[in-house]
Amino acid sequence: MLKSKDWFLGIFFVSLVMGCDSNRIFDEYQSVPNAWDKDNPVAFRVTPPDSINPYNLFVNLRNTDNYKYSNLFLIVELNYPNGKTVKDTLEYTMANPDGSFLGTGFTDVKENKLWYKGYDTPFIFDESGEYVVNIQHAMRQNGIVDGIQKLEGITDVGFRVELSTTN
Numbered sequence: 001m002l003k004s005k006d007w008f009l010g011i012f013f014v015s016l017v018m019g020c021d022s023n024r025i026f027d028e029y030q031s032v033p034n035a036w037d038k039d040n041p042v043a044f045r046v047t048p049p050d051s052i053n054p055y056n057l058f059v060n061l062r063n064t065d066n067y068k069y070s071n072l073f074l075i076v077e078l079n080y081p082n083g084k085t086v087k088d089t090l091e092y093t094m095a096n097p098d099g100s101f102l103g104t105g106f107t108d109v110k111e112n113k114l115w116y117k118g119y120d121t122p123f124i125f126d127e128s129g130e131y132v133v134n135i136q137h138a139m140r141q142n143g144i145v146d147g148i149q150k151l152e153g154i155t156d157v158g159f160r161v162e163l164s165t166t167n
């Protein structure tokens, strides 16, 4: 009898945790071992459930205290199923003026949920099929033309799609 009770509690707990994130459509991370090489974009394959509803798109990052900068430049490329490509260069603030990192987390790893699309106008996946999102860093040091080849302090890169609750 105890085993069935434990099983029921386990199922209940999993349902409770998953139910708290009902707007999530896609949420995936990829680890960046050692350092993020600027020539190795992180790719995500997303098949949205429809081409009618508006969505919010996010780049998710985990960084440690080894991240040496207060901002982050990314190049995000969105490839549509029909071959159309939209490429955006984005800048995000990663730290407060006092140097403390933004993001959530109680350890030296901070998690950042960064807006990509959907924050100012609704984003609709207007084609059915698979979309490919490529994310690469575009960091440079002041006064140096060539970019930083290996960006330290980023441990994971993620991509998230949520159903928009505001149209």
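Okay, so the sequence shown: first residue is 1 according to the numbering used here, each after it adds one. All C-beta atoms, glycine included, are put in the ideal place defined by N, C-alpha and C. None of the values given here were measured: they were computed from a predicted structure.
- DSSP lists Lys87, Asn134 as the beta-bridge partner residues of Glu77.
- Beyond the five residues adjoining it in sequence on each side, Tyr29 comes within less than 6 angstroms, by CB distance, of Asp156, Gly158 in the same chain, given in chain order.
- Across the structure, Glu152 and Tyr67 are spaced so that their CA atoms are roughly 6 angstroms apart.
- The beta carbon of Trp36 is closer than 6 angstroms to those of His137, Leu151, Ile154 in its chain, skipping five residues each way along the sequence.
- Residue pairing by DSSP places Tyr92 opposite Leu72 in a beta bridge.
- Looking only at Thr89, Pro54, Thr64, the smallest Cα-Cα distance to Val32 is reached by Thr64.
- Membership of Asp50 in any beta strand (DSSP E) is not indicated, and neither H nor E is assigned to it by DSSP.
- The beta-carbon distance between Tyr55 and Ser164, rounded to whole angstroms, is 6 angstroms. This is short enough to meet the 8 angstroms contact definition.
- Counting only the Cα atoms, Val109 lies some 22 angstroms from Ile148.
- Under the DSSP assignment, Gln30 falls in the beta strand (DSSP E) whose first and last residues are 24-31.
- Taking the Cα of Leu78 as reference, the smallest distance to any Cα among Phe44, Pro122, Asn53 is reached at Phe44.
- In the structure shown, Ile124 adopts extended strand secondary structure according to DSSP, grouped into three states.
- One Cα belongs to Pro122, the other to Arg62, and the distance between them is close to 26 angstroms.
- Shown here, Asp39 sits in coil according to DSSP, grouped into three states, outside any helix or strand.
- The residue among Lys117, Tyr69, Gly83, Val86 with its C-alpha nearest the C-alpha of Asp98 is Tyr69.
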